[in-house]
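Colleague: Just dropping this structure here.
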Amino acid sequence: MKLGFRNKIYLGFFALLLLQGLVIFFWVSHAMEDSMLKEIKNREISIARILSARMVEPMLAMDFLRMKVLVDETVKLGDDISYTFVLDKNNNPLIHSFKHGFPTELINANKVSSKDKGSMQLLDTGSQLIYDYAIPVLINNNRLGTVRIGLFRTRAEKAVRKIMISVIITIIFAILIAGVVGSLLLNPVTQSIKKLHESSEQALKGNLDVRTAPTLKKNCWDIMLCNKKKCPAYRNYNHRCWYLAGTLCPTCVEGEYAKKIKSCQQCRVYKKCSGDEIQSLAESFDAMTLSLKGNLSDLKNVESVLNEQKSMLQMILDAIPDFISLQDNKGKYISANRAFCETLNKTRKEVIGKGNDDLFPRVNASIYNQEDKKVIETGIPLIKENKVEGKKGIRWMHVVKIPVAETGDEIKWLVCSGRDITRLKAVQDQLTHAQKMESVGRLAAGVAHEINTPLGIILGYAQLLMEDVCKDDQIYEDIETIVKQTKVCSRIVADLLKFSRSSTSIISDFDINEAITEVIGILEHTFSLNHVIIKHEYRKTPLLMKGDKEKIKQVFINLLNNAFDAIEENGSIFIKTEMGMTENEIKISIADTGPGISEANIKKIFEPFYTTKGPDKGTGLGLSVTFGIIKEHNGIIKAFSPPLSGENKENGTEFIVMLPTGLSVV
Amino acid sequence: MKYSWMVLLIILVLALFFSPGCKDNESIKKVNLKIRQQVILKEEPNVITYAYLPQYSHTTSYTRHHPLIQYLRKKTGLNIKQVFPDTFEQHMKMVGQGKIDISFSNPFIYIKIAHRYGAKAFARIVEVMGKNKFRGQIICRADNSSIKTISDCRNKRWIAVDSTSAGGYLYPLGYFIDHGIKKKDFKSITFAPGPGGKQEKVILSVYAGEYDIGTIREGALDVIADQIDVNQIRIIAMSDPYPGWVYAVRKNLNQKIVDKLKKALLSLDWNNENDRKILKTANFIKVISSNDAEFDSVRKLAKRLNINLDD
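Protein chains in written order, with our numbering: chain A, 4 to 669; chain B, 31 to 341.
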């Protein structure tokens, strides 16, 4: 069992007092014994000397009565005198105080010569110790005899015993008094320490609302006659004002403890309320926990803000489709966003702490490691486009690796960001293709414009010649072929002119459903001859848009003709109109049940002069013109084979046209 | 820190055990008090007893006469031993009982023992002042203005040595009677209490003012000179001279012994250094031969004083 502070002090007190008491006990008892024995011996010597002197006359007179009286009187002087006797000069006993005969062994037990003043001898009678003192009876240096006195040593022992008892009682009293005084002095100290200990344990457990310091009889508001209720020290019984910041006392210096304590030490509140070191310790402990509590609260707030910001940052990073990762200068991944993990098809936990070797195929990892090393060593960011071949086909990635230095020039981290630019690449290809088509269109328009006039002259003169030639004549038939082929040429020229937007537009507001109905009315009969049925599903309310109605109708005629041509016989065409993603967009879908278009061909269908139809059946400009008109109306046309909707989703082709209700036609 | 308590404890314990004065080095002798016997005084054979009339304390008596006795023992080959009677009366009785063989007394005592017990004088001393006779002295305090002459002693308180003292009572009494002052003329007559040291007691009583006048033997003041200022004592008057102290032997003591003693005493020579020491100590200068007839003057004085020698 470990001793507490108070018990240690008590034990120390007790041990010290006991030791001191024992030392005193031994020293005093021995000193007193010595002194008592000396005193007894001196007394004995004095008595013997007096007796010796008084014994001279009776000895000379041989007055035994007087000698006997003297001897008996001497014995009666004290209880401690055992015996007295007188020897003559021949050592024969003359007189003695013994009642029943003289103990002869005493004669030679202690001898004294005439030259000596006396002789002391301790005698052991078996039951008691006796100091025997022998003194010669002299008269003018002539020896008459010897006086002997025996004193019990018990008196000294009794006296010493008395002293020992009183010393022991004194020691016990001293220990008791020390215990009482010690407990009076120690109690407040140990209580305070215990309280401090409990408070510190509470503080360790997280409870910072501890009250360790004692409450005072008079506080600062009593002493200063203050009534400022907003002051943090006002009615604060647990904290001293000099530990509190922001007190409103006119004598106070602004600021916290460190700033104001020097000024506070001069204040009468401090002089009256400050206690001893233990009280100050308790008060400062309370102030410390109070300050700690405030700081912890601030820290918690900051932590929650940080956590919030962290989660927001992570959320933003995760929301970004680009992949972002952070590596240390050893190449280990410290952080990664969702896109990065998804790219690798791994969880974040599987990524963090790993290197390129763990995450990528060996060939790629080797390349990435070299790149990372170079960036970290040189500090120059890396920007590149990666072609990645995976399960989803070829993908293009735009990758940026940026070195990050914390302080100084040493590169600590490497931030890597990558973006999937596969679609961008596709758009770039489309743009290139469009530019190519535009160039072709211009060329065609120029050629068409130049050819159109001579064609008109050829057609006019050919028709004039026909009038001049008999219908049965071979020449008439030849001229008719010329006229027919010239008309074909003229139609091609007209189509070329449409494709190159060389024709003018008549803008008006019209209902798409109405335009489609008109087109169906023209074509329906012809199609039905080949058992091709046109079905439609219009939006119930009119789908008004601003544009060139005739050109839009041409679009639908082209698309329906293409569908018819594709079906050839026995099929159906499904037309659906509806609003697009927004109210400003109209979506028109035309799906057929034809054989469909191969994936390789579907990319080329909008190119001019591309056709899958046989000779004389198509110019290869229909869809190009359609594409041109839609583009003219800021719309989009897309082809899907097999169709996304419609009756037959396995075969056929679906064209989806998206047109803005477009009150802003270029 | 862990052992500091232990070290402190060891030091203290060592200090306790090595502290001085702890050990009792006294040797102890074992005695058996149970072996006992009755004390019986064995009388020595052929002892010649010598007594000095106890006018002074036994110690003084011893001191004065011890060397002389040693001398006599040596000179005579006799086993001489000094005895110390407490009073004049005892002295006289012991002479009569044969307990004192050699008596050294004043002449007044001598005539009594001679009368009563047949003692015989055989020598007497010559005192330090060279006189073979001595006187009594009447003294008072030097500052006592009421006593200037012998006649002023009337109605005074008188302390005397002893009723049997020669120099200390009888000689001065004879002197008073010769001057017409009788015993009844004194306010009171007191004798110094015994035993021994009576001369000194008289002087001290007068010195203390307890009595107006005192009577002492000539030479007594010298004995007490080292105890009091003797200048404070005035001698009023001195009696007639009488024979001095006398050596007498008891009746029927062997004459050979008497002769031996007499011879030895008379042979003491002041000029001999050793003898002089003995004589000086005994307070006389020599011993001369004497006989009973030399003390008739004293007997006459006794008669004049109406003293019955048998009392």
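By construction, the Cβ of each residue, glycine as well, lies at the ideal position given by its N, Cα and C atoms.
Under 9 Å, CB to CB, which of the residues in the stretch 60-80 of chain B have a partner in chain A?
Modeller: Cβ contacts with chain A: 60, 61, 62, 63, 64, 65, 66, 67, 68, 69, 71, 72.
Colleague: Counting only beta-carbon atoms, is residue 52/B nearer than 8 Å to chain A?
Modeller: Because residue 52/B carries a pLDDT of 43, less than 50, the predicted location of this residue cannot be relied on, and the following value inherits that uncertainty. Closer than 8 Å: yes.
Colleague: What is the DSSP secondary structure of residue 629/A, counted as helix, strand or coil?
Modeller: Note: residue 629/A maps to helix in three-state DSSP.
Colleague: For the candidate residues 177/A, 410/A, 439/A, 328/A, whose alpha-carbon lies nearest to that of residue 419/A?
Modeller: Residue 328/A is the option with its Cα nearest to residue 419/A.
Colleague: Are the beta-carbon atoms belonging to residue 660/A and residue 591/A less than 8 Å from one another?
Modeller: Taking 8 Å as the Cβ cut-off, residue 660/A and residue 591/A qualify as a contacting pair.
Colleague: Comparing the C-beta of residue 96/A with each C-beta of chain B, is any distance below 8 Å?
Modeller: For residue 96/A, the answer is yes, since a Cβ of chain B falls inside 8 Å of its Cβ.
Colleague: Is the Cβ-Cβ distance between residue 113/B and residue 81/B less than 8 Å?
Modeller: Yes. Within cutoff.
Colleague: Starting from residue 1/A and walking both ways along the alpha helix (DSSP H), at which residues does that stretch end?
Modeller: Because chain A is modelled from 4 through 669, residue 1/A falls outside the range shown and cannot be assessed.
Colleague: Any beta carbon from chain A within less than 8 Å of residue 194/B's own beta carbon?
Modeller: Judged by the 8 Å Cβ criterion, residue 194/B is not in contact with chain A.
Colleague: Using Cβ-Cβ distances below 7 Å, what residues of the stretch 227-240 of chain A are close to chain B?
Modeller: Listed by position along the chain: nothing, the set is empty.
Colleague: Our contact map puts residue 580/A next to residue 536/A with C-beta atoms below 8 Å; I'd like the distance itself, whole angstroms only.
Modeller: Actually they do not touch by this definition, with Cβ atoms about 18 Å apart.
Colleague: Nearest-angstrom Cα distance between residue 88/B and residue 74/A?
Modeller: Answer to the nearest angstrom: the Cα atoms are 19 Å apart.
Colleague: By how many angstroms is the C-alpha of residue 255/B removed from the C-alpha of residue 313/B?
Modeller: C-alpha separation (whole angstroms): 14 Å.
Colleague: From this set, 398/A, 399/A, 417/A, 401/A, which residue's C-alpha is nearest residue 407/A's C-alpha?
Modeller: Per the Cα distances, 417/A.
Colleague: For the alpha helix (DSSP H) that residue 188/B lies in, which residues bound it at each end?
Modeller: No alpha helix (DSSP H) holds residue 188/B; the beta strand (DSSP E) holding it covers 187-190.
Colleague: In chain A, which residues lie less than 8 Å from residue 116/B when you measure between Cβ atoms?
Modeller: Ordered by position in chain A, the residues that pass the 8 Å Cβ test against residue 116/B are 64, 66.
Colleague: Look up residue 222/B in the DSSP assignment and say whether it is helix, strand or coil.
Modeller: If DSSP states are grouped into helix, strand and coil, residue 222/B belongs with coil.
Colleague: Listed in chain order, which residues of the stretch 92-105 of chain B have Cβ atoms closer than 7 Å to some Cβ of chain A?
Modeller: Those residues of the stretch 92-105 of chain B that come within reach of chain A (Cβ to Cβ, closer than 7 Å) are 92, 93, 96.
Colleague: Count Cβ pairs between the stretch 98-111 of chain B and the stretch 66-73 of chain B that sit closer than 8 Å; are there 3 or more?
Modeller: Contact fails: fewer than three Cβ-Cβ distances are below 8 Å.
Colleague: Taking residue 17/A as the query, report the chain B residues whose CB atoms sit under 9 Å from its CB, ordered along the chain.
Modeller: Ordered by position in chain B, no residue passes the 9 Å Cβ test against residue 17/A, which lies about 13 Å from the chain.
Colleague: Along the chain, which unbroken stretches of the alpha helix (DSSP H) at least 4 residues long are found entirely within the stretch 531-602 of chain A?
Modeller: For the stretch 531-602 of chain A, whole alpha helix (DSSP H) runs of length 4 or above, ordered along the chain, are 552-570.
Colleague: Whole angstroms are fine: how far does the CA of residue 170/B sit from the CA of residue 332/B?
Modeller: If you take the alpha carbons of residue 332/B and residue 170/B, they lie about 25 Å apart.
Colleague: Would residue 133/B pass as an interface residue toward chain A - the criterion being a Cβ-Cβ separation below 8 Å?
Modeller: It does not; no Cβ of chain A falls within 8 Å.
Colleague: Per DSSP, which residues does residue 398/B bridge with? Please list them.
Modeller: A question about residue 398/B goes unanswered here, because the residues of chain B that appear run from 31 up to 341.
Colleague: Sorted by chain position, which residues of the same chain lie with C-beta nearer than 6 Å to residue 658/A's C-beta, five sequence neighbours on each side aside?
Modeller: The answer, listed in chain order, is 562, 593, 642.
Colleague: Please classify residue 201/B as buried or exposed, where buried requires at least 16 other C-beta atoms within 10 Å of its C-beta.
Modeller: Looking at its Cβ environment, which holds 16 or more other Cβ atoms inside 10 Å, residue 201/B is buried.
Colleague: Please state the DSSP three-state secondary structure of residue 268/B.
Modeller: It is a strand residue.
Colleague: Taking 6 Å as the limit between beta carbons, can you name the residues of its chain near residue 23/A, skipping five residues before and five after?
Modeller: Cβ neighbours of residue 23/A beyond the five flanking positions: none.
Colleague: Going by DSSP, what residue range makes up the alpha helix (DSSP H) through residue 92/B?
Modeller: Residues 88-106.
Colleague: For residue 61/B, is the classification buried or exposed, using 16 other Cβ atoms within 10 angstroms of its Cβ as the cut-off for buried?
Modeller: Answer is buried; the Cβ neighbour count reaches 16.
Colleague: Which same chain residues, not among the five before or five after residue 72/A, have their C-beta less than 8 Å away from its C-beta?
Modeller: If we look at residue 72/A and ignore the five residues flanking it on each side, it has no Cβ neighbours.
Colleague: List the DSSP bridge partners of residue 401/A.
Modeller: Answer is 388/A, 422/A.
Colleague: DSSP state of residue 297/B, grouped into three classes?
Modeller: Correct three-state label for residue 297/B: coil.
Colleague: Give a yes or no on whether the C-beta atoms belonging to residue 101/A and residue 86/A are separated by under 8 Å.
Modeller: Yes, the pair counts as a contact, with Cβ atoms nearer than the cut-off.
Colleague: Can you tell me which of the three DSSP states residue 348/A falls into?
Modeller: Coil, per DSSP.
Colleague: In three-state terms, what does DSSP make of residue 112/A?
Modeller: Residue state, collapsed to three classes: coil.
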